[in-house]
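K.L.:
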């Protein structure tokens, strides 16, 4: 630690700030469906996720090695100011997408920032193209598809297995399963995303000559990265939690359980293989898959389309911001200072903009035009998909999905609602009978004895 220069210290602090933003940006990955279905209270959910993110940071360093010695060539002349510029690009993009409530990839923001800054300062020789393709781009395309298909299949199996059971009887068990699967996703997130910051700090230490190339992250790096992401997770990215929990589809407890289990499996497998994939894309793909897996379920493709656009823009946008920052940082101390001041101003402006319409744990489940988060009656649950589907603009994707798996007809929904609550009419009638004699009109009073004699 005594050999760390001021510039490397600034890079380490900036990396921990990015780790913090990564935590609150990605809280939705583990807890959005759990919060939206009411399985856990919002503050309880983020507290549990924070603890498990911290634990997960200590389980593996494979992803950290991919960052520190895979994507960027350590021996190509990379300087600490390049890493600083890359982190600034990632932080600014993270905060912009958080303000918009879009669950973009913090991982790809980091990759884009590092690549953009390296290209400006060093050139193509500083980027390992094969590693970018094999460990970033291919997983970026494959992971959400695999997670989505897994969640779709798991959701269909879940509903098929429980088709003869009353939903009220199984809801409690599914909520317990959601809590367990959400805990697994949080643990998996710690093993993947916390390590990315470890890798960046280790890369900065290597470029500054503090540690040898290809070294594992020092223990203090692991601890600081784990604590930073845990604090960010506890803060809670409520805007993105709202989008993931309510904006993509109407998640029911069985769907939430299936989506989170599939996502955790994919993330843990990728961490073991050293793939630095986007946990945001995996969890979003799982949520969409679970929406398609429920009969009559609707995915809001307009929201999904915005998310996919944000995914596609993340690498180049973060790279452009980081490249501009690298141009300034390469000018010397005054350039690094200018980048730091501009970054603070940009982050402050974004935060002030977010205060105009604040979202926190008290209103995270409040969506305009959406039903209350409390458990609705079975009949309302059966008709909700049709209503949401009618409100959603019909685009190419929606039309294609409907052609393969059309939603149930209105007659089928009505029949399902009547079958699910056969006692409702009789209960209403029974409740109304005792009240009739007290305030009834003469005609009604006369009709009561006649009904009794029949």
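Residue numbers (the numbering used here): 8 to 461. Quick reminder that beta carbons are idealized off the backbone N, C-alpha and C, glycines included.
By Cβ distance below 8 Å, which residues in the same chain neighbour residue 219 in space, the five residues on each side in sequence not counted?
P.N.:
One-based indexing of the chain shown puts residue 219 at position 212. The answer, listed in chain order, is 213.
K.L.:
Mapping DSSP to helix, strand and coil, what is residue 134?
P.N.:
Reading the chain shown from its first residue, position 127 is the one you call residue 134. It is a strand residue.
K.L.:
If you reduce the DSSP assignment to three classes, tell me which class residue 248 lands in.
P.N.:
Walking along the chain shown from the start, residue 248 turns up at place 241. In the structure shown, residue 248 sits in a helix (DSSP, three-state: H, G or I).
K.L.:
Report all residues from its chain with a CB closer than 6 Å to the CB of residue 152; omit the five preceding and five following residues, and keep chain order.
P.N.:
The residue labelled residue 152 in the question sits at position 145 within the chain shown. None.
K.L.:
Residue range of the alpha helix (DSSP H) that residue 36 falls in?
P.N.:
Taking the chain shown and counting its residues from 1, one reaches residue 36 at position 29. First-last of the alpha helix (DSSP H) with residue 36: 13-43.
K.L.:
Give the single residue among 211, 201 and 288 whose Cα lies nearest to the Cα of residue 240.
P.N.:
Here the question's residue 240 lines up with position 233 in the chain shown. Per the Cα distances, 201.
K.L.:
Output the boundary residues of the alpha helix (DSSP H) element that contains residue 55.
P.N.:
Working through the chain shown from its first residue, we reach residue 55 at position 48. From DSSP, the alpha helix (DSSP H) with residue 55 extends over 49-63.
K.L.:
I believe residue 287 touches residue 113 by the beta-carbon criterion, under 8 Å. Please report the beta-carbon distance rounded to the nearest angstrom.
P.N.:
Against the chain shown, residue 287 aligns to sequence position 280. Against the chain shown, residue 113 aligns to sequence position 106. Right, their Cβ atoms sit about 7 Å apart.
K.L.:
If you measure from the beta carbon of residue 229 to each beta carbon in chain D, is any gap under 8 Å?
P.N.:
Looking for chain D here will not work: only one protein chain is present.
K.L.:
Report the rounded CA-to-CA distance for residue 20 versus residue 106, giving the unit in angstroms.
P.N.:
Against the chain shown, residue 20 aligns to sequence position 13. Against the chain shown, residue 106 aligns to sequence position 99. Each residue's Cα considered, the two are about 23 Å apart.
K.L.:
Write down the C-beta distance between residue 267 and residue 154 rounded to the nearest angstrom, noting that I regard them as a contact closer than 8 Å.
P.N.:
Taking the chain shown and counting its residues from 1, one reaches residue 267 at position 260. Taking the chain shown and counting its residues from 1, one reaches residue 154 at position 147. Contact doesn't hold; Cβ gap of about 10 Å is too wide.
K.L.:
For residue 328, which residues of its own chain have a beta-carbon under 6 Å away from its beta-carbon, when the five flanking residues on both sides are left out?
P.N.:
By 1-based counting over the chain shown, the position of residue 328 is 321. Within the same chain, residue 328 has close Cβ partners 96 and 99.
K.L.:
Rounded to a whole number of angstroms, what is the C-alpha to C-alpha distance between residue 147 and residue 285?
P.N.:
To locate residue 147, count along the chain shown from 1; it is residue 140. To locate residue 285, count along the chain shown from 1; it is residue 278. Residue 147 and residue 285: Cα-Cα distance of roughly 7 Å.
K.L.:
For a test of the three-state rule: what should DSSP assign to residue 79, helix, strand or coil?
P.N.:
On the chain shown, residue 79 is found 72 positions in, with the first residue counted as 1. Reduced to three states, the DSSP call for residue 79 is strand.
K.L.:
Quick one: what does DSSP say residue 200 is sitting in, helix, strand or coil?
P.N.:
Position 193 of the chain shown, counted from the start, is the residue given in the question as residue 200. Helix.
K.L.:
Any idea if residue 38 is buried or exposed, counting beta-carbon neighbours within 10 angstroms, 16 or more meaning buried?
P.N.:
Numbered from its first residue, the chain shown carries residue 38 at position 31. Answer is buried; the Cβ neighbour count reaches 16.
K.L.:
Please confirm if the segment 118-132 is in contact with the segment 343-355, defined as three or more CB-CB distances below 8 Å between the two stretches.
P.N.:
The answer is no - the segment 343-355 does not touch the segment 118-132, with fewer than three Cβ pairs under 8 Å.
K.L.:
Please report the distance separating the alpha-carbon of residue 13 from that of residue 229.
P.N.:
The count along the chain shown starts at 1 and reaches residue 13 at position 6. The count along the chain shown starts at 1 and reaches residue 229 at position 222. Those two C-alpha atoms are separated by around 21 Å.
K.L.:
With a threshold of 7 Å on Cβ separation, who are the neighbours of residue 445 within its own chain once the five nearest residues in sequence on each side are excluded?
P.N.:
Taking the chain shown and counting its residues from 1, the one referred to as residue 445 is at position 438. Here the model assigns residue 445 a pLDDT of 43, short of 50, so the residue's position is not dependable, and the following value carries that caveat. Result list for residue 445: empty, nothing under 7 Å.
K.L.:
Can you list, in chain order, the stretches of the alpha helix (DSSP H) that have 4 or more residues and sit fully within the segment 126-196?
P.N.:
If we require 4 residues or more, the alpha helix (DSSP H) runs fully inside the segment 126-196 come out as 136-139 and 145-168.
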